[in-house]
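Visitor: Read in order, the letters of the sequence shown correspond to residues 1 to 493 in the UniProt record's numbering.
Just so it is clear, CB atoms sit at the ideal spot from N, CA and C, and this is done for glycine as well.
Bear in mind that the values here come from a model prediction, so they are computed numbers and not experimental data.
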Amino acid sequence: MAVPSKRRSPPPPPPPPQLPFGPKLPFPHIIIRRKARRNYQLRPMLTWYFLTFMMRQKLQTRNQQPEETREEWVIWIKDKMEQVMRDAATTSWDKLCIYRVPLSFQKSDKNSYFPHTVSLGPYHHGDEHLRPMDYHKWRAVNMVMKRTKQGIEMYIDAMKELEERARACYEGPIGLSSNKFTQMLVLDGCFVLDLFRGAYEGFSKLGYDRNDPVFAMRGSMHSIRRDMLMLENQLPLMPTYMPSTKIENSQENNNKFFHPIADKDKEELHCLDVFRRSVLQPSLKPEPRLSRRWSWKPVVADKRQQKLLHCVTELREAGIKFKRRKSDRLWDIQFKNGCLEIPKLLIHDGTKSLLSNLIAFEQCHIDSTKQITSYIIFVENLINSNEDVRYLQYCGIIEHWLESDSEVVDLFHKLCQDVVFDPIDSYLYPLCLGVDRFYSRKWSLFSAVILHKYQLNLRSPWAYFSFFGAVILLLLTFCESFFTVYAYFEPNT
Numbered sequence: 001m002a003v004p005s006k007r008r009s010p011p012p013p014p015p016p017p018q019l020p021f022g023p024k025l026p027f028p029h030i031i032i033r034r035k036a037r038r039n040y041q042l043r044p045m046l047t048w049y050f051l052t053f054m055m056r057q058k059l060q061t062r063n064q065q066p067e068e069t070r071e072e073w074v075i076w077i078k079d080k081m082e083q084v085m086r087d088a089a090t091t092s093w094d095k096l097c098i099y100r101v102p103l104s105f106q107k108s109d110k111n112s113y114f115p116h117t118v119s120l121g122p123y124h125h126g127d128e129h130l131r132p133m134d135y136h137k138w139r140a141v142n143m144v145m146k147r148t149k150q151g152i153e154m155y156i157d158a159m160k161e162l163e164e165r166a167r168a169c170y171e172g173p174i175g176l177s178s179n180k181f182t183q184m185l186v187l188d189g190c191f192v193l194d195l196f197r198g199a200y201e202g203f204s205k206l207g208y209d210r211n212d213p214v215f216a217m218r219g220s221m222h223s224i225r226r227d228m229l230m231l232e233n234q235l236p237l238m239p240t241y242m243p244s245t246k247i248e249n250s251q252e253n254n255n256k257f258f259h260p261i262a263d264k265d266k267e268e269l270h271c272l273d274v275f276r277r278s279v280l281q282p283s284l285k286p287e288p289r290l291s292r293r294w295s296w297k298p299v300v301a302d303k304r305q306q307k308l309l310h311c312v313t314e315l316r317e318a319g320i321k322f323k324r325r326k327s328d329r330l331w332d333i334q335f336k337n338g339c340l341e342i343p344k345l346l347i348h349d350g351t352k353s354l355l356s357n358l359i360a361f362e363q364c365h366i367d368s369t370k371q372i373t374s375y376i377i378f379v380e381n382l383i384n385s386n387e388d389v390r391y392l393q394y395c396g397i398i399e400h401w402l403e404s405d406s407e408v409v410d411l412f413h414k415l416c417q418d419v420v421f422d423p424i425d426s427y428l429y430p431l432c433l434g435v436d437r438f439y440s441r442k443w444s445l446f447s448a449v450i451l452h453k454y455q456l457n458l459r460s461p462w463a464y465f466s467f468f469g470a471v472i473l474l475l476l477t478f479c480e481s482f483f484t485v486y487a488y489f490e491p492n493t
């Protein structure tokens, strides 16, 4: 009998291969990455160690250098003295009139002293944001050549002769070569001349289009005029009197460009000086500060020395009235019969830049008096709060286009910071003494406080009857009290 054979079960299927975690990389690549990671960690340490080693070597080398002997030190000092003497012998200080703005003024607001559209002179020549205007300067040169029918060589030679005098007008060394400095004088001089002539005769008569982007009384002309009245952005007026371009009544052209009437008794130095002389009173002739009387009183930038008079609120309480003076001269201020008459002052966005540069020029130039500085400090003393500004606006003395009254107060307070000022030298000092004497009178102060406190209007006749009636009633009350007390002590009488 046959035995049935057993059937074998099929073998189990092999397990699926396990996939590696992450990308499948060859073994050598893993070794290279580990080495790179190790080198990356060691690289900053090696760099720091190398720098520390080099600094230590340098310090050791410096310490090991032998100190110079006394003879060598004295020789170096003598050489330095001789070099300074040679530089002083070749430097002329008589013509100095264009200055760098002191750093103490720049710390509060640099934008008021640096040009934004055009550069005049060497201080800001070549600044990146001012280079687009150089194209229009070359346009002015071509226009001048076309009108005069002269070659550029004649202008270059004329400016070469004035180079030494022009350099002497600037403070400090000028980093421009002789050719570059002469080229700057020609370009800036032609540009300023066409601005003056265009303001006087009209730019269309000079050959410019009516819609010219620069040479037209519109748009950018306001910004150019503001830049031309900055202390560091000045060109001596002598280069503007070129051969074959000298204009009749050139001073009148300058005045029409800046809307003033300048002082014709003395030669102007630059555009800022022309504007300053134009706004001063004719009677205020600049006198050299060296001719002042000698004083042992130290002149420093002290706010206590800038106190000329009290603020508007305090003066009103003393009975002093304010009135707008009908005059186009800002400095024409008078005080009569307890009334302070002040011309109208317009304050706008460009006022701070203009007044800041005028004050800086008066602080730097030795032959300049401080009339404008005196006026600014006078206004700053009057304005001590927003109420003072509002009352002067009510009187028509101040008109401002700023956002708030507090900005006007901050404007004048910042203008007077770090300003060296002696009140005795101010042309307003006698006027302020008269105001102070009126303020110090006890009866005037008492009566004014009473009137201000109780708001009495003495223009009305009923106010007089009310006032005298109150006085009589007070006297009768006093007499009644007196006789009552007297009868108590002397009953028999």
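Classify N179 as buried or exposed, calling it buried when 16 or more other Cβ atoms lie within 10 Å of its own Cβ.
Guide: exposed
Visitor: Considering only their Cβ atoms, is the gap separating L340 from V409 smaller than 8 angstroms?
Guide: no
Visitor: Consult DSSP for residue 494 and reduce its assignment to one of helix, strand or coil.
Guide: With the chain running from 1 to 493 in the structure shown, residue 494 is simply not present.
Visitor: Relative to the C-alpha of R437, which candidate in M54, N111, F335, R100 has its C-alpha closest?
Guide: F335
Visitor: Given this structure, state the Cα-to-Cα distance separating H400 from H348, to the nearest angstrom.
Guide: 6 angstroms
Visitor: Rank G396, R210, L231 by C-alpha distance to the C-alpha of I359 and give the top, closest one.
Guide: Residue L231 is the option with its Cα nearest to I359.
Visitor: Using DSSP with H/G/I as helix, E/B as strand and the rest coil, what is L474?
Guide: helix
Visitor: Determine the burial state of Y394: buried for a count of at least 16 other Cβ atoms within 10 Å of its Cβ, exposed for fewer.
Guide: exposed
Visitor: Assign residue 503 to one of two classes, buried (16 or more other C-beta atoms within 10 Å of its C-beta) or exposed (fewer than that).
Guide: This structure leaves residue 503 out entirely; the chain is present only between 1 and 493.
Visitor: What are the start and end residues of each continuous alpha helix (DSSP H) run of 4 or more residues lying completely inside the region 354-380, in chain order?
Guide: none
Visitor: What is the DSSP secondary structure of P343, counted as helix, strand or coil?
Guide: In this structure, P343 counts as strand in the three-state DSSP scheme.
Visitor: Taking 7 angstroms as the cut-off, is the C-beta of G469 nearer than that to any heavy atom in the ligand HEM?
Guide: The model depicted lacks the ligand HEM and carries no ligand whatsoever.
Visitor: With a threshold of 6 angstroms on Cβ separation, who are the neighbours of R292 within its own chain once the five nearest residues in sequence on each side are excluded?
Guide: Low confidence applies to R292: its pLDDT is 40, below 50, so where it sits in the model is not reliable, and the reading given next is rough at best. Cβ neighbours of R292 beyond the five flanking positions: none.
Visitor: If you draw a straight line from the C-alpha of E338 to the C-alpha of I320, how long is it?
Guide: Here residue 338 turns out to be Gly, not Glu, going by the sequence shown. Between G338 and I320, the C-alpha separation is close to 5 angstroms.
Visitor: Skipping 5 residues on each side, what residues in its chain have a beta carbon closer than 6 angstroms to that of L195?
Guide: none
Visitor: Leaving out five residues before and five after L185 in sequence, what residues of the same chain have Cβ atoms less than 8 angstroms from its Cβ?
Guide: M159, L162, E163, A166, L235, P239
Visitor: Anyone know if the C-beta pair for I372 and E380 falls short of 8 angstroms?
Guide: Not a contact, by the Cβ cut-off of 8 angstroms.
Visitor: Contact check, Y170 vs P122 under 8 angstroms by CB: the rounded distance?
Guide: 7 angstroms
Visitor: Leaving out five residues on either side along the sequence, give the residues of the same chain with a beta carbon under 7 angstroms from the beta carbon of M145.
Guide: Cβ neighbours of M145 beyond the five flanking positions: I152.
Visitor: In the DSSP assignment, the beta strand (DSSP E) including F322 goes from what residue to what residue?
Guide: 321-325
Visitor: If I follow the unbroken beta strand (DSSP E) through E399, where does it start and stop?
Guide: E399: member of the beta strand (DSSP E) spanning 398-400, first to last residue.
Visitor: Please say whether F378 and L428 have beta carbons closer to each other than 8 angstroms?
Guide: Yes, the Cβ-Cβ distance between L428 and F378 is below 8 angstroms.
Visitor: Just to confirm my understanding: we take K414, look at its own chain, exclude 5 residues before and 5 after, and list those with CB closer than 6 angstroms. What are they?
Guide: S108
Visitor: Any idea what DSSP makes of I174, helix, strand or coil?
Guide: coil
Visitor: Quick check on DSSP: helix, strand or coil for Q234?
Guide: coil
Visitor: Distance check for M85 and Y391, CA to CA, integer angstroms please.
Guide: Going by the C-alpha atoms only, they are around 58 angstroms apart.
Visitor: Within the same chain, show all residues whose beta-carbon is closer than 7 angstroms to that of F215, passing over the 5 residues directly before and after it, in chain order.
Guide: Taken in chain order, the residues that qualify are D194, G198, F203, Y208.
Visitor: Measure from the alpha carbon of L120 to the alpha carbon of each residue in R225, I397, L354, T484, then state which is nearest.
Guide: R225
Visitor: Are the Cβ atoms of S112 and S356 separated by less than 8 angstroms?
Guide: Yes, they are a contact pair.
Visitor: Can you tell which of T182, P173, H136 has its C-alpha closest to the C-alpha of P154?
Guide: The sequence shown places Met at residue 154, rather than the Pro named in the question. From the listed residues T182, P173, H136, the smallest Cα separation to M154 is found for T182.
Visitor: From W138, K370, N386, pick the residue whose C-alpha is nearest to that of D422; which is it?
Guide: K370
Visitor: Please classify F114 as buried or exposed, where buried requires at least 16 neighbouring CB atoms within 10 angstroms.
Guide: buried
Visitor: Taking the continuous alpha helix (DSSP H) assigned at A158, which residues delimit it?
Guide: 152-167
Visitor: Could you tell me whether the Cβ atoms of C364 and Y200 are closer together than 8 angstroms?
Guide: No, these two residues do not count as a Cβ contact at 8 angstroms.
Visitor: Find the nearest neighbour of S426 within the set R131, R277, L308, judged by alpha-carbon distance.
Guide: L308
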